């Protein structure tokens, strides 16, 4: 029950304060679909998502590089942050992230693709290479 309350609180917080909100498809911390949010700062951002399935997965990554490519609306970013997966066991790890995204000029939609490998530290030490995902977000 505590896990459900924690996940619901994180979900509501993400939805209320995000500048971009949407979904992430692909390998998402133990699940295949997540609610995805981006919180912009000057020259950086927090990229967070919460996924539900057999367990609850939570990722919060600080993207420390975020620049446009040329004059197009294509941005690239790289970052690092914490990942956790709560099922029967509690798993905690560090994820890296690198990706590309396209920001539409006429409509407030952002499409992106990223790669997110994860080094799990707690409960078992393991390295997962299969963190590819597709992001579709609404930009406020």
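Residue numbers (our numbering): 961 to 1100.
Backbone N, C-alpha and C define an ideal beta-carbon position, used for all residues, glycine too.
Nothing here was measured: the structure is a model prediction, and the numbers come from that model.
| Query | Result |
| --- | --- |
| Closest residue to residue 1100 among 1070, 1024 and 1032 (Cα-Cα distance) | 1070 |
| Contact under 7 Å by Cβ, residue 981 with residue 1098 | yes |
| Cβ separation of residue 1042 and residue 1054, assumed to be a contact under 8 Å, to the nearest whole Å | 7 Å |
| Bridge partner(s) assigned by DSSP for residue 1079 | 1054 and 1087 |
| Short Cβ contact (7 Å threshold) for residue 990 with residue 1030 | no |
| Coil, strand or helix - residue 1099 by DSSP | strand |
| Element boundaries [beta strand (DSSP E), containing residue 985] | 980-988 |
| Supposed close pair residue 992, residue 1015 - CB separation, criterion 8 Å | Contact doesn't hold; Cβ gap of about 12 Å is too wide. |
| 7 Å Cβ cutoff met for residue 1075 and residue 1033 | no |
| Proximity winner among 1003, 1083 and 1094, relative to residue 1047 (alpha-carbon distances) | 1083 |
| Spatial distance of residue 1050 from residue 1044 (CA atoms) | 7 Å |
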